[in-house]
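K.L.:
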Amino acid sequence: MPSQQPFALIESGAHGVAIVAVNEAAAHLGIEAGTSLTDARAAHPTLLSRPAEPQKDRIALLKLARWAGRYGPNRHIDGSDGLWIDITGVAHLFGGEENLLDDMTQHLMSFGVAVQAGLADTLGAAHALARFGCPPDAAWAMAPAGETREAIRFLPVEALRLDAPRILLLKRLGLRHIGQLYDIPRDSLARRFRSSDAAAAVLVRLDQALGMAEEPRRPMQPPPVLSVARAFAEPLISSEALEAFTHELAGDLAAALAAKDLGARVLRLTFYRADGTSGTIAAAMSTPCHDADHMMALLSEKFSNIEAGFGIDILRLDAVRAGKREASQKGFTGPQGAALRDPSELVDRLANRFGREAITVLQPQGSHIPERAEIRLPALDVLEAQSSSRVARYAPPWPYPKRALRPAFMLSRPEPIAVTAGVPDGSPASFIWRRVERRVVRAQGPERIAPEWWRTLYLDADQKRPRTRDYYRIEDQQGAVYWVFRHGLYEGEEATERPSWFLHGLFA
Amino acid sequence: MDPRLSTALPTLLPDKDAVIESLRSRILHIEKHAPRRGAVASSPDSAASPPLGRRFTWALGCPAADDLLPRGLETNSLHEVKGQPSAERGASAADWMAGIGFAARLAVRRIDALAAQQGAHASASTARPWVLWCWPRQLSAELGSPSAAGLASLGLDPSRLIIVETARAGDALNAIEESLRAQSLAVVIGITEEAELTPARRLSLAAGETATPCLLVTHPAAESAAATATRWRVKRLASAAQPFEPRAPGASRFSLALERCRARPESSARPPVFVEWNDETRRFDLAAVVADLPAESRGAGGGAVAAAVRTY
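Top line first, the protein sequences correspond to chains G and B.
Read in order, the letters of the first sequence are residues 557 to 1064 in our numbering.
Read in order, the letters of the second sequence are residues 55 to 366 in our numbering.
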């Protein structure tokens, strides 16, 4: 849309089609948000209009907020048309606050965004400066540290984020500038504008702007435990450069973590591209880690996912989660010695490459039913739980007798087999499994495993009753040993259905 | 550790041994590796392989089988285990199980050897070493998933086992290699359909770097990998009689043929050895097979029996 052409965004409301936003050219003609389109058209027939799309605006603003993470991890959208960024401890990366503001406004303008920025000690003052304090020839206004009070003295009271009735009332009282409120006794301000709503309580908004009252902020993402960033004058394109700088960042982060006796649990590398887009890669660890090389090993697996685009001009590495790092000796005897290292680093690498679910460990469960007696859980989670608890974790005992003969491999679902037996409830004489008939040479059993009685208590009429299993360990003529069971009994209450045979496991 | 040295030194300072051993290993490492820098392509599986890893070996525990190997199984190598295919093409789950069962028992032997090697100064972390089990998902669907109770009755500690199940066969080889390089594991047991020359070679090199042995169980009917230190052909025999219950399957028996042995090539011509796994002593014993050989071996012209008699 050409900016010299007057243009407005419209929305149909209760009183007809109203203008919700105008461009610079339209503002010069005196068209304001809130007037009806018909009135504006009557005065300026050349006015162009399009329906407003607040949802899309919000999504675009959120995208911009994500991009704005390059100027500080704590940021979020502010109302329908603003962003706030906490740049505490970040400005030096850009060579000072002025340079940061220049960099940011130039970037935003290059995306085609009309921008006004304010920088101050408090969110309230920054809000006021951005919206009401920008000089006409500049894109930003800044209140130097500690000079907030003077910087916003001559701004209109609208800048205080108050609701319309309060502003009207203040103006009727002759209070047009924020500075005029400084001279009024606090008691009378508090008495006259007492409200539970901050937008109605003038004193609260004033105190927030001047830093005398706390103002809670909710950032887009929970702030990372520690964060390191690097900005580049020349955008990075080659993967080698990216890798080298990531390694440097990992070194910085590792040192920062080590200084606090912390170790990272979840890492996130965010890269901000020159064209205003951003992306992330993440890695998780089973034990708190402050080893730069290990961090790098995990991240470099995912470097192939990074799309550099027009180049990456800021890299930020966050320790999203961290844990207390226990000091530990990392091996002493050298590469050929006998000492084995902790497998947690290996688990991290494998889990990051093949997926968390692919690397598992066996854990006992409280049940005597063979398939329920154990469960496979992601090794990453189990090792993490083991390492994070300072008290020795109670490990439930493995729920089998020490000398129980159980197959080394259990089929995920018992497979039905056709069995010939000498007597109906005797051991099998031969069986057909996977279309091959096998003659049983030796058999041991039965080992009767009854269903868990507590599961049989509250069964609906249509639910199947769990049945008793008689397990046999049988060896065929080739020496292979199988674990088969007869599901159900020939006598008693289970006799309603004929028992069937299943193969449940293979002995190695 | 040189046995003479260990007996000569009093056990007053158990750490001293470890320190001396580590320093010596570093010196040897530097001496052997420094001139070879830049010539990495030279064959490390020949006599010039890293010297110290080679010194750590473990044995089956049965002299008849251990005699096939010059020094026992090397910890810095890849050992391939294959079942005997029962059909012309393809292999049944039982054929796989013979190889897997033998590999699992070799892993038990390796853990015991590691514990003995570390002896008195075994720390808490190394006293119960970790084992990694890696296979592609499709094999686990066919053979079932490892069960804690069953592995425990084989002699492996289920709480010290990491199971890796990958979506593709290539990923499994990749994961095995990564695990070998980590130097955190007593032994890596990998099960794959097949290992071609290049992946097997990579595994072999990775095992050599960290002296972590790799037991690779491959498809019984598939081509064999060439880059392995040993290749065992394993066949299940009828199990031993159980003393208290004659009809029950007893101790597992295997017929072992060493098809390939890089350190002693003439072993591949030797007839198979029949061994029996002892759950109590956690070792292989010579099987008294002649009396209760499986029916078909007895009927097959006595070739196997004759071989067995010759061996012992």
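Cβ atoms here follow ideal geometry from the backbone N, Cα and C, with glycine treated the same way.
Please read these numbers as outputs of a predicted model, since none were measured by experiment.
1. Can you tell which of G:718, G:990, G:562, G:627 has the C-alpha that lies nearest to the C-alpha of residue 145 of chain B?
2. Cα-Cα, which of B:337, B:292, B:215, B:253 is closest to residue 242 of chain B?
3. Put residue 593 of chain G into one of helix, strand or coil per three-state DSSP.
4. Which residue wins for smallest C-alpha separation from residue 321 of chain B, given the options B:290, B:163, B:341, B:285?
5. I want to see whether chain G comes within less than 8 Å of residue 238 of chain B, judged by CB atoms only; does it?
6. From the DSSP secondary-structure annotation, give me the bridge partner or partners of residue 1028 of chain G.
7. Taking the alpha carbon of residue 1063 of chain G as the reference point, which residue from B:122, B:203, B:162 has its own alpha carbon closest?
8. According to DSSP, is residue 338 of chain B helix, strand or coil?
9. Say whether the stretch 866-873 of chain G touches the stretch 818-831 of chain G, bearing in mind that this needs 3 or more beta-carbon pairs closer than 8 Å, one atom from each stretch.
10. Check whether the stretch 145-161 of chain B and the stretch 270-283 of chain B touch, using three or more Cβ-Cβ pairs below 8 Å as the test.
11. For residue 602 of chain G, tell me which candidate among G:584, G:908, G:563, G:622 has the shortest Cα-Cα distance.
12. With a threshold of 8 Å, are at least 3 pairs of Cβ atoms found where one atom belongs to the stretch 788-805 of chain G and the other to the stretch 833-844 of chain G?
13. Using the beta-carbon of each residue, which ones in chain G are nearer than 9 Å to residue 230 of chain B?
14. Does residue 904 of chain G pass the burial test, meaning 16 or more other C-beta atoms within 10 Å, or should it be called exposed?
15. Using CA atoms only, rank isn't needed, just tell me which of G:857, G:644, G:965, G:927 is closest to residue 909 of chain G.
16. For the ligand NAD, is there any heavy atom lying closer than 7 Å to the beta carbon of residue 163 of chain B?
17. Any contact between the stretch 762-769 of chain G and the stretch 778-790 of chain G? By contact I mean 3 or more CB pairs, one from each, below 8 Å.
18. Looking at residue 690 of chain G and residue 672 of chain G, is the spacing between their C-beta atoms short of 8 Å?
19. Return yes when the Cβ of residue 251 of chain B is within less than 8 Å of the Cβ of residue 281 of chain B, no when it is not.
20. List the whole-angstrom C-beta distance separating residue 594 of chain G from residue 572 of chain G, where the pair is believed to meet the contact cut-off of C-beta under 8 Å.
21. What residue from B:299, B:184, B:339 has the CA that sits closest to residue 896 of chain G's CA?
22. Assign residue 670 of chain G to one of two classes, buried (16 or more other C-beta atoms within 10 Å of its C-beta) or exposed (fewer than that).
23. Does any CB atom of chain G fall closer than 8 Å to the CB of residue 220 of chain B?
24. So what's residue 761 of chain G in DSSP terms, helix, strand or just coil?
25. Specify, as a first and last residue, the run of the alpha helix (DSSP H) that residue 738 of chain G falls within.
26. For residue 833 of chain G, which three-state DSSP category applies?
27. Touch check for the stretch 980-989 of chain G and the stretch 997-1007 of chain G: three-plus C-beta pairs under 8 Å?
28. Which residues of the stretch 984-1012 of chain G have a Cβ closer than 8 Å to any Cβ of chain B? Give them in chain order.
29. Give me the chain B residues within the contact set of residue 920 of chain G, using Cβ-Cβ distance strictly less than 9 Å, ordered along the chain.
30. CB-CB under 7 Å to residue 582 of chain G, same chain, minus the five flanking residues each way: which ones, in chain order?
31. Our contact map puts residue 964 of chain G next to residue 201 of chain B with C-beta atoms below 8 Å; I'd like the distance itself, whole angstroms only.
32. Between residue 964 of chain G and chain B, is there a C-beta pair that is closer than 8 Å?
33. Name the chain G residues that come within less than 7 Å of residue 205 of chain B, Cβ to Cβ?
34. At what residue ranges does the stretch 595-638 of chain G contain a whole run of the beta strand (DSSP E), taking only runs of 3 or more?
35. Would you mind telling me which residues of chain B sit closer than 7 Å to residue 688 of chain G, beta carbon to beta carbon, in chain order?
36. How close, in whole Å, do the beta carbons of residue 1040 of chain G and residue 1031 of chain G come, if the pair is a contact with beta carbons under 8 Å?
P.N.:
Checking against the coordinates, here is how it stands:
1. For the purposes of this step, residue 145 of chain B is taken as the residue at position 91 of the second sequence. The option with the nearest alpha carbon to residue 145 of chain B is G:990.
2. As a working note, residue 242 of chain B is residue 188 in the second sequence. The shortest C-alpha separation from residue 242 of chain B is found at B:215.
3. As a working note, residue 593 of chain G is residue 37 in the first sequence. Of the three classes helix, strand and coil, the one that applies to residue 593 of chain G here is helix, per DSSP.
4. As a working mapping, residue 321 of chain B is identified with position 267 in the second sequence. The shortest Cα separation from residue 321 of chain B among B:290, B:163, B:341, B:285 belongs to B:285.
5. Counted from its first residue, the second sequence places residue 238 of chain B at position 184. Yes - at least one Cβ of chain G is within 8 Å of the one on residue 238 of chain B.
6. On the first sequence, residue 1028 of chain G is found 472 positions in, with the first residue counted as 1. According to DSSP, residue 1028 of chain G bridges with G:1040.
7. Against the first sequence, residue 1063 of chain G aligns to sequence position 507. The option with the nearest alpha carbon to residue 1063 of chain G is B:203.
8. As a working mapping, residue 338 of chain B is identified with position 284 in the second sequence. The answer is strand: DSSP assigns residue 338 of chain B an E or B state.
9. For the pair of segments examined, the stretch 866-873 of chain G was found to touch the stretch 818-831 of chain G: the number of CB pairs separated by less than 8 Å reaches three.
10. yes
11. Sequence index remark: in the first sequence, residue 602 of chain G carries index 46 (1-based). Its Cα nearest to that of residue 602 of chain G, the residue G:563 stands out among G:584, G:908, G:563, G:622.
12. The stretch 788-805 of chain G, when compared against the stretch 833-844 of chain G, does not touch it at the 8 Å Cβ threshold.
13. Along the second sequence, read from residue 1 onward, the residue named residue 230 of chain B stands at position 176. Chain G residues near residue 230 of chain B: none, gap ~10 Å exceeds 9 Å.
14. Within the first sequence, numbered from 1, the residue matching residue 904 of chain G stands at position 348. Here residue 904 of chain G is buried. Its C-beta has 16 or more other C-beta atoms within 10 Å.
15. In the first sequence, the residue the question calls residue 909 of chain G occupies position 353. Minimum Cα-Cα distance from residue 909 of chain G among the listed residues G:857, G:644, G:965, G:927 corresponds to G:857.
16. Questions concerning the ligand NAD fall outside what the structure shown contains, since it holds no ligand whatsoever.
17. In this structure the stretch 762-769 of chain G does not lie against the stretch 778-790 of chain G, because fewer than three pairs of beta carbons, one per stretch, are closer than 8 Å.
18. Numbered from its first residue, the first sequence carries residue 672 of chain G at position 116. Numbered from its first residue, the first sequence carries residue 690 of chain G at position 134. In contact: residue 672 of chain G and residue 690 of chain G (Cβ atoms closer than 8 Å).
19. Here residue 281 of chain B refers to the residue found at position 227 when the second sequence is read from its first residue. Here residue 251 of chain B refers to the residue found at position 197 when the second sequence is read from its first residue. Yes, Cβ-Cβ distance for residue 281 of chain B and residue 251 of chain B is below 8 Å.
20. For the purposes of this step, residue 594 of chain G is taken as residue 38 along the first sequence, with counting starting at 1. For the purposes of this step, residue 572 of chain G is taken as residue 16 along the first sequence, with counting starting at 1. Going by Cβ atoms, the distance from residue 594 of chain G to residue 572 of chain G rounds to 7 Å, so yes, they are a contact pair.
21. Here residue 896 of chain G refers to the residue found at position 340 when the first sequence is read from its first residue. Checked all of B:299, B:184, B:339; the closest Cα to residue 896 of chain G is B:184.
22. Here residue 670 of chain G refers to the residue found at position 114 when the first sequence is read from its first residue. With fewer than 16 Cβ atoms within 10 Å of its Cβ, residue 670 of chain G is classed as exposed.
23. Counting from one through the second sequence, the residue named residue 220 of chain B turns up at place 166. So yes, residue 220 of chain B belongs to the interface.
24. Position 205 of the first sequence, counted from the first residue, corresponds to residue 761 of chain G. Of the three classes helix, strand and coil, the one that applies to residue 761 of chain G here is helix, per DSSP.
25. As a first step, residue 738 of chain G must be located in the first sequence, where it is residue number 182. Segment 734-738, the alpha helix (DSSP H) holding residue 738 of chain G.
26. Looking up residue 833 of chain G in the first sequence gives position 277. Coil.
27. Cβ pair count under 8 Å is three or more, so yes.
28. 990, 992, 997, 998, 999, 1000
29. Position 364 of the first sequence holds residue 920 of chain G. The contacting residues are 202, 212, 213.
30. For this step, residue 582 of chain G is matched to residue 26 along the first sequence. So the qualifying residues of the chain are 562, 563, 564, 603.
31. Your numbering for residue 964 of chain G matches position 408 in the first sequence. Your numbering for residue 201 of chain B matches position 147 in the second sequence. About 6 Å separates the beta carbons of residue 964 of chain G and residue 201 of chain B, which is inside the 8 Å limit, making them a contact pair.
32. Locating residue 964 of chain G in the first sequence gives position 408, where the first residue counts as 1. Chain B contact via Cβ: present.
33. Working through the second sequence from its first residue, we reach residue 205 of chain B at position 151. Using a Cβ-Cβ cut-off of 7 Å, residue 205 of chain B is close to 964 of chain G, given in chain order.
34. 604-607, 630-634
35. As a first step, residue 688 of chain G must be located in the first sequence, where it is residue number 132. Those within 7 Å of residue 688 of chain G in chain B number zero; the least Cβ separation is about 58 Å.
36. Here the question's residue 1040 of chain G lines up with position 484 in the first sequence. Here the question's residue 1031 of chain G lines up with position 475 in the first sequence. Residue 1040 of chain G to residue 1031 of chain G, Cβ: 11 Å. No contact.
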